[in-house]
Structure formats: structure tokens, C-alpha cells
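In UniProt numbering, the protein residues as written are 582 to 864.
Think of the CB as a built atom: it goes at the ideal place given N, C-alpha and C, for glycine as much as any other residue.
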Ligand code: C2E
Ligand code: CA
Ligand code: CA
Ligand code: CA
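And the structure:
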């Protein structure tokens, strides 16, 4: 496969040799893209989960699903190495489906074991915000007997910017189903404030770049404080991500931030180990 892409790419300039494939990729990236396409079908994507807790009580409320690729030769790959590739080459719908499937299935298992936990899934900027997404979400929730309000979809502002009208329609329908909606990396984009009014959002996540430096950079502290105040006034949950120490946790609690996620609580862990981690934490 890799050789085939290379041969075609090194011919007379650019060829559109496969629908949805980016002609500007290097041969290495084309090879990796082909492997990713097969890897998704072969079940090589693994969902890791990172706990989220109520900031005041420390009680674990749920997890964020974070994808990893168990590559047969390169080992465990982090999303930064393959999400951009998937975005440029039309693989995001398959990737999202694989993550949603594992995340919702786990949520259903945990419920049947007596743990009412939420699960958050990332939608990429180039996500399939269309009828297919609505259909697969609905199908998965039914199949695994998971109530819609146990699932939250995290979107970034760039995913909204691409096609505001369509995005809004799809998000409204997901909201009608009862699925939660969260704005990820809040504060890093452009039109955050207007989206909060236009979209059926229940949560904002403060980007970790602000949280991690809020105790040393007054400007970052001011941004965190403003987002918490905004969220409070709009009746939104405010999740601080990237909480790495007790001092940051304490300061966020003082500001009135509602939820936290970060290495201080736990790093992302394999799905299979989560219930043991929870049992060890909560006794
Ligand atoms: P994100 O959604 O902002 O996810 C949080 C990232 O911050 C995760 O990196 C997590 O491991 C890291 N993190 C969490 N707590 C801390 C902390 O206390 N300190 C520090 N330094 N880092 C922390 P990860 O897992 O490498 O994910 C990177 C990005 O990849 C995510 O950023 C998200 O944008 C994307 N991503 C991950 N999984 C998926 C997925 O299933 N679908 C899509 N479309 N994107 C995904
Ligand atoms: Ca996220
Ligand atoms: Ca984030
Ligand atoms: Ca991020």
C-alpha cells in the first residue's frame, strides 16, 4: 500500500488517487494513513480514560475518553501523532465511531456494576457533525442501555466555525436526545462568547494552558477567573483541565470552578483499569 502511494505521488505532480486523501502528505504520512485506515477496522484504537471529579467534594463523576493507537510496530501512539492525519484524510468519522462505541459500551458496563458515571467523547474540528453521527449516537445509547445524559460530546470552537448553521442543527438534535455538550479548550479560540448563547451547551472546559500556569502568570489567572465567572453566571459546569497539584485545585475551588481533571487526580489510564482505580480511590 505504502509503495503504491509513493509511486503515484512521485509521478507527474499531484494526483487525486483516493477520495478524501490529502495529496500534500509526505510518503511516510501516506503510509501511516493507510495503516490507520486498516488499523481502525482491525480494532487497533484503544480508549484511555481520564477521571473528572467534583472540585469541592473530590467525588469522581465520570471520565473523558482519550484515544490511543496501538500500532503493531510503533507501539502506543498518542492522538497528536494521528488525529491531524485522520482529519486531513477523511478518517475522523470512523475514528469517532470507534471511540464512541468503546466509551458508551464501558459506560453501560459501569452502570450495570452500580457506577453512575458520565463519559465525555471528543469530536474533532472535522467531525462528522451530520445525521450519521446522530444515528450512531442514538444506536449506541440504545444498544448499551445508557441514558443520553450520561454522554457528553466535547467540541472545539473550530468545529463550529467550519459550518455554523449545520453544526447548530446537529447539536440541537443531539441536545433533544439528552446528550450533553461541552466546549473544549475554552478561551483558545475566537468567538467563544457568542457560541455559548447560540449552542445548547451545558459545560465549558478551561484549556490546560491557562490552568497549568494560573498560579504563576497573573494574566492566565485572570482568564481562568473570567471563565469561571462567566460559566457561573450562565449556569454552566466549568471543568478545569490540566490540574497538576493541590495548590491549583485549592485556588480553583476558591474561584468557584465546579469540576476538575488532571494529573493531580489521575493521568489517562486504560479503560480496563478504571474501576480498580476508582475502588482504590473511594474505598
Ligand atoms: P484534549 O481534549 O484537550 O485532552 C486533554 C489532553 O490533556 C490529553 O492529552 C490529556 O492526557 C492531557 N492532560 C490531562 N491532564 C493533564 C495534566 O494535568 N497535565 C498535562 N500536561 N496534560 C494533561 P491526549 O490524551 O494526548 O490528547 C490530546 C488531544 O487529542 C486532546 O486534547 C484532543 O483534542 C485529542 N483527542 C484525544 N482523543 C480524541 C478522540 O477520541 N477524538 C478526537 N477527535 N480527538 C481526540
Ligand atoms: Ca477534550
Ligand atoms: Ca481540552
Ligand atoms: Ca487541547
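Of all the options the options, which has the alpha carbon lying nearest to the alpha carbon of residue i?
{"i": "residue 781", "options": "799, 816, 795", "result": "816"}
{"i": "residue 659", "options": "653, 667, 648, 796", "result": "648"}
{"i": "residue 843", "options": "810, 728, 630", "result": "630"}
{"i": "residue 768", "options": "716, 758, 800", "result": "800"}
{"i": "residue 633", "options": "626, 666, 643", "result": "643"}
{"i": "residue 666", "options": "734, 861, 705, 695", "result": "705"}
{"i": "residue 859", "options": "639, 611, 606, 622", "result": "639"}
{"i": "residue 784", "options": "807, 818, 813", "result": "818"}
{"i": "residue 726", "options": "697, 830, 813, 862", "result": "697"}
{"i": "residue 722", "options": "811, 744, 740, 689", "result": "689"}
{"i": "residue 683", "options": "754, 710, 739, 701", "result": "701"}
{"i": "residue 561", "options": "804, 862, 617", "result": "Nothing in the structure corresponds to residue 561, since the chain is present only between 582 and 864."}
{"i": "residue 778", "options": "741, 652, 863, 864", "result": "741"}
{"i": "residue 848", "options": "829, 824, 857", "result": "824"}
{"i": "residue 864", "options": "675, 811, 641, 685", "result": "641"}
{"i": "residue 750", "options": "774, 655, 709, 728", "result": "709"}
{"i": "residue 716", "options": "739, 703, 691, 754", "result": "754"}
{"i": "residue 792", "options": "761, 853, 760, 845", "result": "845"}
{"i": "residue 853", "options": "761, 691, 822, 836", "result": "691"}
{"i": "residue 790", "options": "670, 821, 650, 703", "result": "821"}
What is the rounded straight-line gap between the Cα of residue i and the Cα of residue j?
{"i": "residue 624", "j": "residue 668", "result": "19 angstroms"}
{"i": "residue 590", "j": "residue 672", "result": "In this predicted model, residue 590 has a pLDDT of only 40, less than 50, meaning its place in the structure is not dependable; the value taken from the coordinates is given anyway. Distance between the alpha carbons of residue 590 and residue 672: 20 angstroms."}
{"i": "residue 826", "j": "residue 765", "result": "21 angstroms"}
{"i": "residue 730", "j": "residue 756", "result": "9 angstroms"}
{"i": "residue 748", "j": "residue 714", "result": "11 angstroms"}
{"i": "residue 851", "j": "residue 720", "result": "25 angstroms"}
{"i": "residue 588", "j": "residue 664", "result": "Legend: pLDDT at residue 588 = 35, less than 50; position of this residue unreliable, no value from coordinates given."}
{"i": "residue 612", "j": "residue 833", "result": "44 angstroms"}
{"i": "residue 699", "j": "residue 732", "result": "6 angstroms"}
{"i": "residue 586", "j": "residue 608", "result": "With a pLDDT of 36 at residue 586, under the threshold of 50, the modelled position of that residue is not reliable, and no figure is offered here."}
{"i": "residue 841", "j": "residue 809", "result": "12 angstroms"}
{"i": "residue 627", "j": "residue 806", "result": "35 angstroms"}
{"i": "residue 744", "j": "residue 855", "result": "36 angstroms"}
{"i": "residue 795", "j": "residue 737", "result": "22 angstroms"}
{"i": "residue 776", "j": "residue 831", "result": "29 angstroms"}
{"i": "residue 652", "j": "residue 661", "result": "14 angstroms"}
{"i": "residue 694", "j": "residue 687", "result": "11 angstroms"}
{"i": "residue 735", "j": "residue 752", "result": "11 angstroms"}
{"i": "residue 763", "j": "residue 724", "result": "24 angstroms"}
{"i": "residue 635", "j": "residue 839", "result": "6 angstroms"}
{"i": "residue 711", "j": "residue 797", "result": "42 angstroms"}
{"i": "residue 610", "j": "residue 616", "result": "10 angstroms"}
{"i": "residue 786", "j": "residue 758", "result": "22 angstroms"}
{"i": "residue 605", "j": "residue 621", "result": "22 angstroms"}
{"i": "residue 678", "j": "residue 654", "result": "24 angstroms"}
{"i": "residue 681", "j": "residue 829", "result": "31 angstroms"}
{"i": "residue 646", "j": "residue 707", "result": "18 angstroms"}
{"i": "residue 614", "j": "residue 814", "result": "44 angstroms"}
{"i": "residue 862", "j": "residue 746", "result": "44 angstroms"}
{"i": "residue 675", "j": "residue 650", "result": "13 angstroms"}
So is the beta-carbon of residue i under 7 angstroms away from any non-hydrogen atom of ligand 1?
{"i": "residue 646", "result": "yes"}
{"i": "residue 823", "result": "yes"}
{"i": "residue 705", "result": "yes"}
{"i": "residue 843", "result": "yes"}
{"i": "residue 663", "result": "no"}
{"i": "residue 680", "result": "yes"}
Does the beta carbon of residue i fall short of 7 angstroms from some heavy atom of ligand 2?
{"i": "residue 735", "result": "yes"}
{"i": "residue 840", "result": "no"}
For residue i, verify whether its CB is less than 7 angstroms away from any heavy atom of ligand 3.
{"i": "residue 857", "result": "no"}
{"i": "residue 766", "result": "yes"}
On the DSSP bridge assignment, give the partners of residue i in chain order.
{"i": "residue 761", "result": "733"}
{"i": "residue 841", "result": "634, 821"}
{"i": "residue 851", "result": "629"}
{"i": "residue 786", "result": "820"}
{"i": "residue 652", "result": "656"}
{"i": "residue 647", "result": "629"}
{"i": "residue 641", "result": "634"}
Could you tell me which uninterrupted alpha helix (DSSP H) segments, each at least 4 residues in length, are contained entirely in the region 670 to 753, listed from first to last along the chain? List check, alpha helix (DSSP H) in window: 673 to 693, 712 to 724, 738 to 743.
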